[in-house]
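S.K.: One structure follows; several queries about it will come next.
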Amino acid sequence: IKALADGPLSKSEIAHALGRDSVSGALNRTIRQLLDRDEIGYTLPDIPNSRLQKYRLRPFQSDSQ
3 IKALADGPLS KSEIAHALGR DSVSGALNRT IRQLLDRDEI GYTLPDIPNS RLQKYRLRPF
63 QSDSQ
């Protein structure tokens with residue numbers, strides 16, 4: 003998540019920020035979990051499988067509203 007603090011990144015950019023050469027299955031699972039928990043979001047929400055897709059941090063939502 004810290005890697006996304008500076009702006010949206012693709013999966014491969016996230017992998018490189020983590021010191022990896024390529025996107026692993028573990029990274030794919032982690033991204034899916036973060037999407038499911040609304041901690042990150044798509045930059046192109048209408049086209050989730052786009053080759054241009056990037057991921058961004060979602061605004062913090064307080065539970066005590």
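Those letters in the sequence shown? Residues 3 to 67, per the working numbering, in order. Backbone N, C-alpha and C fix where the C-beta goes; we use that ideal spot for every residue, glycine too.
Measure the C-alpha to C-alpha separation of residue 26 and residue 60 and round it to an integer number of angstroms.
M.R.: The sequence position of residue 26 within the sequence shown is 24, counting from 1. The sequence position of residue 60 within the sequence shown is 58, counting from 1. Approximately 23 Å, taken between the alpha carbons.
S.K.: Run the CB neighbour count on residue 6, radius 10 Å, all protein chains shown included, and call it buried at 16 or more, exposed below.
M.R.: Counting from one through the sequence shown, the residue named residue 6 turns up at place 4. Classification for residue 6: buried.
S.K.: Hey, out of 43, 52, 49, whose CA is closest to residue 10's CA?
M.R.: Here residue 10 refers to the residue found at position 8 of the sequence shown. For residue 10, the nearest C-alpha among the options comes from 43.
S.K.: Check residue 9 in the structure and name its three-state DSSP category.
M.R.: Working through the sequence shown from its first residue, we reach residue 9 at position 7. Note: residue 9 maps to coil in three-state DSSP.
S.K.: Shortest alpha-carbon distance to residue 52 belongs to which of 12, 28, 8?
M.R.: For the purposes of this step, residue 52 is identified with residue 50 of the sequence shown, where counting begins at 1. When each option's Cα is compared against that of residue 52, the closest is 12.
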